[in-house]
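Undergrad: Got a structure for you, questions after.
Right, here's the structure in full:
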């Protein structure tokens, strides 16, 4: 296929205002991913759009294996889907009340829920 560019697991974008640290979550338009390395504002940065990542979780959120999860871009943490949050994938481990991180399989899409 002469028009094939890449598999899309890693995407290069311009680092947003404030820069980004390696391992931080990033939403660019409707793409969600995790920064592969630290980068200053305006510099190119690569981020992973798929894979399983340990991410910060809202302490009170109760997640089961396979549950759809969302990203709260204000609090910068995984939580349950709701209005204004960005669906990002599914939990691959259970994480109850009081647990502050969860393993998530990303699907690369971050469309804000209505």
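In full-length UniProt numbering, the protein residues as written are 1 to 114. Don't be surprised by glycine CBs; every beta carbon is placed ideally from N, CA and C.
Given this structure, state the Cα-to-Cα distance separating residue 10 from residue 109, to the nearest angstrom.
TA: For the purposes of this step, residue 10 is identified with residue 10 of the chain shown, where counting begins at 1. For the purposes of this step, residue 109 is identified with residue 109 of the chain shown, where counting begins at 1. In a straight line, the C-alpha of residue 10 is about 13 Å away from that of residue 109.
Undergrad: Is residue 43 helix, strand or coil when you go by DSSP?
TA: Reading the chain shown from its first residue, position 43 is the one you call residue 43. Three-state DSSP puts residue 43 in coil, outside helix and strand.
Undergrad: Roughly how many whole angstroms lie between the Cα atoms of residue 105 and residue 2?
TA: Taking the first residue of the chain shown as 1, we reach residue 105 at position 105. Taking the first residue of the chain shown as 1, we reach residue 2 at position 2. About 30 Å.
Undergrad: Below 8 Å CB to CB, which residues in the same chain sit around residue 36 once its five sequence neighbours on both sides are set aside?
TA: Here the question's residue 36 lines up with position 36 in the chain shown. Cβ neighbours of residue 36 beyond the five flanking positions: 10, 22, 45, 46, 47 and 48.
Undergrad: Give the range of the beta strand (DSSP E) segment to which residue 5 is assigned.
TA: Reading the chain shown from its first residue, position 5 is the one you call residue 5. Residue 5 -> no beta strand (DSSP E), and no H or E assigned at all.
Undergrad: Extract the residue ranges of the alpha helix (DSSP H) inside the segment 26-104, only unbroken runs of 4 or more that lie entirely within it.
TA: None, since the segment 26-104 contains no complete alpha helix (DSSP H) of that length.
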